[in-house]
Amino acid sequence: MIHDRIASHPEPQRDGRGALRIPVRLKSTICSSAVRKVKADLVDLSTGGCRLATGLYMSDGAHLTLAIPTLEPVGARVRWCHHLGMGLEFLRPLHPLIVQRLAGLSMAALH
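Quick note on the numbering used here: the sequence shown kicks off at 7 and runs consecutively.
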């Protein structure tokens, strides 16, 4: 039982830039001048960026807008992209309390 809880709620990890990445499961939408609106699953989040699970390919450096429920649209730049998803860097970092609130929404959605 404890193992199931641990497996379903992974611990936050630090990425190569030292940012604390919090695992989440949130629906989001991305759009840019190249694509209208594409749904994507937000799978981890930090103050400086996030990782999306999506089959969409966008070039590194491309600018887009990320829409997350309960949050104003966020400007972002593609840092990497491959067939499993993409990593985004926010143009303006999120406040840590916003990241905590979104992580809480993700946890609530799992229950």
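We put the beta carbon where it would ideally sit given N, CA and C, even for glycine.
Presumed contact (8 angstroms Cβ cut-off) between residue i and residue j, rounded CB distance
| i | j | result |
| --- | --- | --- |
| Ser38 | Leu70 | 4 angstroms |
| Ile36 | Leu72 | 6 angstroms |
| Val49 | Ala68 | Incorrect: roughly 19 angstroms between the Cβ atoms, too far for contact. |
| Leu108 | Leu32 | 6 angstroms |
| Ser34 | Val105 | Not confirmed; about 14 angstroms, so no contact. |
Secondary structure of residue i, DSSP reduced to three states
| i | result |
| --- | --- |
| Ile74 | coil |
| Arg42 | coil |
| Arg98 | coil |
| Ser112 | helix |
| Leu90 | coil |
| Leu58 | strand |
Buried or exposed (CB count within 10 angstroms, at least 16 for buried), residue i
| i | result |
| --- | --- |
| Ala46 | buried |
| Ser65 | exposed |
| Arg57 | buried |
| Leu100 | buried |
| Val40 | This sequence places Ala at residue 40; Val is not what is there. So Ala40 ends up on the exposed side. |
| Leu97 | exposed |
| Gly110 | exposed |
| Leu103 | exposed |
| Gly141 | With the chain covering 7 to 117 only, the question about residue 141 has no answer from this structure. |
| Arg42 | exposed |
| Thr90 | One point to set straight first is that residue 90 is Leu, not Thr, in the sequence displayed. Exposed. |
| Val30 | buried |
Residue i: first and last residue of the uninterrupted beta strand (DSSP E) it sits in
| i | result |
| --- | --- |
| Ser34 | Leu26 to Cys37 |
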